[in-house]
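Residue numbers (UniProt numbering): 1 to 423. C-beta atoms are modelled at their ideal positions from N, C-alpha and C, and glycine is treated no differently.
Laid out in structure tokens, this is it:
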């Protein structure tokens, strides 16, 4: 024989691979089934082919077989949809190696009727939070069984350095008795995609686990675990650069491990606020205070100076007596307000380009500021959705064209806002 014939024979022998074993089939619904098999790990293959036939009349009738191919050597199951309810089917599985198909499992595995038996129904998520998921299901199959549950999780997110991170959780399992129809999973991670399984298990002797139902859900997002404090720019802190009515800070993005961030709020808080006041501030309250301040500032800027009219001394005395002098300080209450809104994309660009942020530039900040900082003392407190740090200064007034406050301390907060994802 020629060398070419010898090589062809060698390729045929090398391509031979044994069939999968322990092929088993279960009906998952009235129109679908799952095929499972075992395969010797020592054999190297490229994938598998599942063949099935409707109402098998003869095993030799290969033209009637429908084939589904999976080019994955680790595959050990396949769900087959679009079948005919309550009809019998035959299944067999073969392996692929070097683009050649091996022998199909023999004898074929028969499914007498496409009717789910040991299968839970109507598996749903009843409710969820950032760290818990409540499952509920129905079961009307054979008795003297129990249930098994498990879950796995995965997610990808940007950390505070804008690096893409991935996270997975190991599989957790739990078993329930026959009367159970719900279960509460706890100690989950925020904004993580979880795959939950609930299946039926028969009791000893002859215990067996049947194919489970599956539901995929993403837990609710929550505030980031940590937010970096705004830092006063070193150049401005050393007296170089900066203008009256402005302060230059450097801010860094927060990790999106607990959920995507849509934007940040830079919040100015009066120094007479306690930590409890800051913790209890709500979004609606801050937005309302910011709108009120904007309207008040607009009125002050729109008032033109009036001509002074000389009045008689008697008239002045009567006016003073009837109208006591009020401090301008009461014209505008000292409340926290949103100085700037920074979109998440802009925050990432600022961090990547190492750009500072100017507070009081008359564009994104409501009030111009005049800062006379002596130090920037760290006194931080971690609270949900907020970070705050105290700045000690000699004089840090909020200055407007017609009105000013003299306060010795203010609080600056960086508040990232999260996007609520409804799945």
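Query, Result
"For residue 139, tell me which candidate among 128, 291, 117 and 159 has the shortest Cα-Cα distance.", "117"
"Quick one: what's got a C-beta closer than 8 Å to residue 174's C-beta in the same chain, skipping five residues either side?", "148, 149, 150 and 183"
"Taking all protein chains shown into account, decide if residue 363 is buried (16 or more other Cβ within 10 angstroms of its Cβ) or exposed.", "Confidence in residue 363 is poor, its pLDDT being 46 and thus under 50, which makes the residue's placement too unreliable to answer from."
"Thinking C-alpha only, which one of 153, 41 and 145 is nearest residue 204?", "145"
"Could you name the residues of the same chain whose beta carbon sits closer than 7 Å to that of residue 206, not counting the 5 residues immediately before and after it, in chain order?", "none"
"According to the Cβ coordinates, are residue 339 and residue 266 closer than 8 Å?", "yes"
"Three or more beta-carbon pairs under 8 Å between the segment 37 to 51 and the segment 70 to 77, yes or no?", "yes"
"According to the neighbour-count rule (16 or more other Cβ atoms, all chains shown, within 10 Å of its Cβ), is residue 167 buried or exposed?", "exposed"
"Quick one: is residue 226 buried, meaning 16 or more other Cβ sit within 10 Å of its Cβ, or exposed?", "exposed"
"Can you check which of these residues, 82, 76, 90 and 39, is closest to residue 64 by C-alpha distance?", "90"
"Taking residue 345 as part of the alpha helix (DSSP H), name the residues at either end of that continuous run.", "344 to 352"
"With a threshold of 8 Å, are at least 3 pairs of Cβ atoms found where one atom belongs to the segment 217 to 232 and the other to the segment 88 to 105?", "no"
"Return the CA-CA distance between residue 254 and residue 130, expressed in angstroms with no decimal places.", "18 Å"
"Determine the closest residue to residue 216 out of 113, 299, 134 and 55, with distance taken between C-alpha atoms.", "134"
"Can you grab the Cα-Cα spacing for the pair residue 389 / residue 250, in whole Å?", "For residue 389, the pLDDT reaches just 33, beneath the cut-off of 50, and the residue's location in the model is therefore unreliable, although a value from the coordinates is still provided. Their Cα atoms are separated by approximately 14 Å."
"Going along the chain, which residues of its own chain have a beta-carbon closer than 7 Å to the beta-carbon of residue 16, five neighbours each way excluded?", "102"
"So is residue 394 buried or exposed if we call it buried at 16+ other beta carbons inside 10 Å?", "With a pLDDT of 29 at residue 394, under the threshold of 50, the modelled position of this residue cannot be trusted; read the value that follows with caution. The residue in question, residue 394, is exposed, as its Cβ has fewer than 16 Cβ neighbours within 10 Å."
"For residue 150, which residues does DSSP report across the bridge?", "173 and 197"
"Where do the ends of the beta strand (DSSP E) carrying residue 87 lie?", "Element bounds for residue 87: n/a, residue is neither H nor E."
"Just confirm the distance between the C-beta atoms of residue 82 and residue 31, as a whole number of angstroms; I'd bet it's less than 8 Å.", "6 Å"
"Cβ of residue 221 within 8 Å of Cβ of residue 191?", "yes"
"Apply the 10 Å Cβ neighbour rule to residue 87 and answer buried if 16 or more other Cβ atoms are within range, or exposed otherwise.", "exposed"
"Under a Cβ-count criterion, where at least 16 other Cβ atoms within 10 Å of its own Cβ denotes burial, should residue 198 be classed as buried or exposed?", "buried"
"Taking residue 194 as the reference, give the member of 247, 156 and 349 with the closest Cα.", "156"
"Going by DSSP, what residue range makes up the beta strand (DSSP E) through residue 138?", "133 to 138"
"Would residue 256 be called buried (16 or more neighbouring beta carbons within 10 Å of its own) or exposed?", "buried"
"Using the Cα positions of residue 177 and residue 201, report the straight-line distance between them to the nearest angstrom.", "10 Å"
"Tell me the DSSP bridge mates of residue 424?", "The structure shown does not extend to residue 424, since the chain is modelled only from 1 through 423, so no value can be given for it."
"In this structure, does DSSP put residue 266 in helix, strand or coil?", "strand"
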